[in-house]
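Working notes, structure below.
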Amino acid sequence: MTASYRTIVRDGLWDNNGVLCQMLGMCPTMAMTATATNGLGMGLATAAVMAASNLLIAIFRNYITQEVRIPVYILIVAAMVTVVDLTFNAWMHELYKVLGLFIPLIVSNCLPLARLEVFAAREPVLPSLVDGLFMGIGFTLALTVIGAVREIIGGGTLFVDAALLLGPAFHFMETKIYSGNSVLVFILPPGGFIVTGLLVAGKRYLDIRAGKPIVTGPVGHGV
Amino acid sequence: MNRPTYIHAVVLGLFCLGFGLMLALLDLVTEEDIALRMVEDKQSSLAKVIPANLFDNNLVEDVLKVSDPSGAEVEVYRAKRAGKVTGVAYEIKGSGYAGAIRLMLGVDAEGRVLGVRAIAFKETPGLGDKIDEKKSDWITKFTGLKLGAPPKEKWKVKKDGGQFDQFSGATITPRAVVGAIRGGLEFFDTHKAKMLETH
Chain A
190 MTASYRTIVR DGLWDNNGVL CQMLGMCPTM AMTATATNGL GMGLATAAVM AASNLLIAIF
250 RNYITQEVRI PVYILIVAAM VTVVDLTFNA WMHELYKVLG LFIPLIVSNC LPLARLEVFA
310 AREPVLPSLV DGLFMGIGFT LALTVIGAVR EIIGGGTLFV DAALLLGPAF HFMETKIYSG
370 NSVLVFILPP GGFIVTGLLV AGKRYLDIRA GKPIVTGPVG HGV
Chain B
2 MNRPTYIHAV VLGLFCLGFG LMLALLDLVT EEDIALRMVE DKQSSLAKVI PANLFDNNLV
62 EDVLKVSDPS GAEVEVYRAK RAGKVTGVAY EIKGSGYAGA IRLMLGVDAE GRVLGVRAIA
122 FKETPGLGDK IDEKKSDWIT KFTGLKLGAP PKEKWKVKKD GGQFDQFSGA TITPRAVVGA
182 IRGGLEFFDT HKAKMLETH
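Residue numbers (our numbering), protein chains in the order written: chain A, 190 to 412; chain B, 2 to 200.
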């Protein structure tokens, strides 16, 4: 059942998007999307961990016995998260100060685990790497969009602190859209649920209009 | 599946051993750099609360341990110019909306706030995080104040009858910070003699 790269990329970015379709990784989605920059940072760190752990599982998949696969997956995800945490802390310290709090949260995200189980454990090395990477990028896109909507409605800004995350060259991204009268609830936890719900509904609407069958949950990739 | 059961234990054990070794190695490689980064962080947070013209010593190295009212030891960094203590800086803690708020407080020899900065907190983005100097200048308004000016009972947020602004939608965070700074200044008053003495 080796899928074409085109399908893998499409699945990750849109058709089977981790947040908007599979509804996985809701914990970091809710916690880290008060601003677009936070969503972007969390998404990128997750994408790196997903690509690395998918790659490793695909390499070792023939040696991992069925009975102990889940502990091995968790071990590898946790190890990759620790690698990211230590290397960022030591050599990308400015970035670490922004992302440091989020990095350990990646372990509690079931999206990397789900991709290991349904994809990397069954597919060759290269497609698995592509799957991990694009599922991660799809996750990043969803988090950034949710963050942007919450930030604009709840705070009147967009990409606040982007320069801290991406470097001083990205100051131009930090926009103040309006001041005063922002709807605070969108930055608070309920806002995360409201915006995510609306985006999931919006994606379904677009899919139905495009004549695609309605899929609930990760059908065809059975989790 | 006629494989004996122990094979699973061996597989899992080997993975644990392999990744454990890898992480131990990485920890060894990064340990020194991470320790250096911590010192740099401390230096930069100290530099923000003590003006550079007040000291000619290495702040990070001039540490005095003083017990606070709860019995915990506080590391007091002393700024000295020509051998005389011109100011001190130490970490203070407030209990915010989402756990502890750690701040660095700099105080001059007369007990005036030289500067205060939030160094670690988990307050709500967009609400409580205005205590961060990158988000708002609120925290800089404490500079130059001391216990007595304003009077002690005014060291509160406006909602509690004091003179400091709270943020719209967030009172707990600024209340915690104002309380922590007041506590920090009281701590200075109590241990003033010990902190300022020169050896």
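Cβ atoms here follow ideal geometry from the backbone N, Cα and C, with glycine treated the same way.
- DSSP places Leu377 (chain A) outside both helix and strand once states are collapsed to three, so it counts as coil.
- For Glu306 (chain A), the secondary structure class from DSSP, reduced to helix, strand or coil, is helix.
- Rounded to the nearest angstrom, the Cβ distance from Gly336 (chain A) to Ala236 (chain A) is 15 Å, too far for a contact under 8 Å.
- Straight-line measurement puts the Cα of Gly343 (chain A) at about 21 Å from the Cα of Asp166 (chain B).
- What Asp34 (chain B) touches in chain A, judged by beta-carbon distance under 7 Å, is Ala279, Trp280, going in chain order.
- Listed in chain order, the non-local C-beta contacts of Ala121 (chain B) below 6 Å within the same chain comprise Arg103, local neighbours out to five positions each way being set aside.
- Setting aside the 5 residues that flank it on each side, Leu373 (chain A) is surrounded in the same chain by Gly343, each with a C-beta closer than 7 Å to its C-beta; the list follows chain order.
- In the DSSP assignment, Asp109 (chain B) forms a beta bridge with B:Gly88.
- If you draw a straight line from the Cα of Asp28 (chain B) to the Cα of Leu37 (chain B), it comes to about 14 Å.
- With a cutoff of 8 Å on beta-carbon distance, Ala119 (chain B) and Asp133 (chain B) are scored as near each other.
- With the rule of 3 Cβ pairs closer than 8 Å, the segment 97 to 117 of chain B counts as touching the segment 175 to 183 of chain B.
- If you look at Arg250 (chain A), you'll find it isn't in any alpha helix (DSSP H); DSSP assigns it neither H nor E.
- Around the Cβ of Pro217 (chain A), a 10 Å sphere holds 16 or more other Cβ atoms; the residue is buried.
- Pairing Val314 (chain A) with Ile197 (chain A) gives a Cβ-Cβ distance that is not under 8 Å.
- Under DSSP, Lys392 (chain A) shares a beta bridge with no residue.
- In the three-state reduction of the DSSP assignment, Lys157 (chain B) falls in the coil class, being assigned neither a helical nor a strand state.
- Within a 10 Å sphere around the beta-carbon of Arg339 (chain A) sit 16 or more other beta-carbons, which makes this residue buried.
- Cβ neighbours of Leu202 (chain A) within its own chain (closer than 8 Å, five residues either side excluded): Phe323, Ile326, Gly327, Leu330.
- Close partners of His9 (chain B) in chain A (Cβ separation under 9 Å): Thr254, Gln255, Glu256, Val257.
- Contacts with chain A (Cβ-Cβ distance below 9 Å) from the segment 180 to 192 of chain B involve no residue at all.
- Excluding residues up to 5 positions away in sequence, Ser242, Leu245 lie with their Cβ nearer than 6 Å to the Cβ of Ile265 (chain A) in the same chain.
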